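In this note's numbering, the protein residues as written are 440 to 595.
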């Protein structure tokens, strides 16, 4: 009889510790989920740097994503111009494209042609951030291209 009760007691303790572990595990899960929700929805205040990554394709060579330095990134709530340095030299006769990602890779601008490999080059890129309550909702862009022949601008 004592063996049975000890066995029952051990089983009961095992179930109790299992329930405690599951309870602790579920608590850790919910806390982790709660904390991660903050990083998924980042709020900006005016003047915050909006992190930006860039990658490029020169001819058939595709570069990996790399983060731009803060002074080349947009500042939330500010209208400003920046000159972004290209990582590669544009070889004459080869197409060159870039892509940008903003806000921890949540907003992607697809491939933009900087040079078509012939006579047309990107002269202006405007990126517009639509935001609400400190969150970037959408990113749009507008491009202007110009044609050059032998280094001379062809009239628009």
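Where a beta carbon is used, it is the ideal one built from N, C-alpha and C, also for glycine. Computed from a predicted structure; not experimentally measured.
Taking the Cβ atoms as the reference, residue 556 lies roughly 6 Å from residue 532, within the contact range of under 8 Å.
Two segments are said to touch when three or more pairs of C-beta atoms, one from each, lie closer than 8 Å; by this definition the segment 532–547 touches the segment 492–504.
The alpha-carbon of residue 568 is positioned some 32 Å away from that of residue 593. No residue range can be given for residue 534, since it is assigned to no beta strand (DSSP E) and is classified by DSSP as neither H nor E. Minimum Cα-Cα distance from residue 566 among the listed residues 484, 546 and 486 corresponds to 546. Shown here, residue 515 sits in coil according to DSSP, grouped into three states, outside any helix or strand. If you draw a 10 Å sphere on the C-beta of residue 549, you find fewer than 16 other C-beta atoms in it, and that means exposed. Cβ atoms of residue 571 and residue 482 stay farther apart than 8 Å, at about 11 Å. Residue 585: member of the beta strand (DSSP E) spanning 574–588, first to last residue. Only exposed fits residue 530, as fewer than 16 other CB atoms lie within 10 angstroms of its CB.
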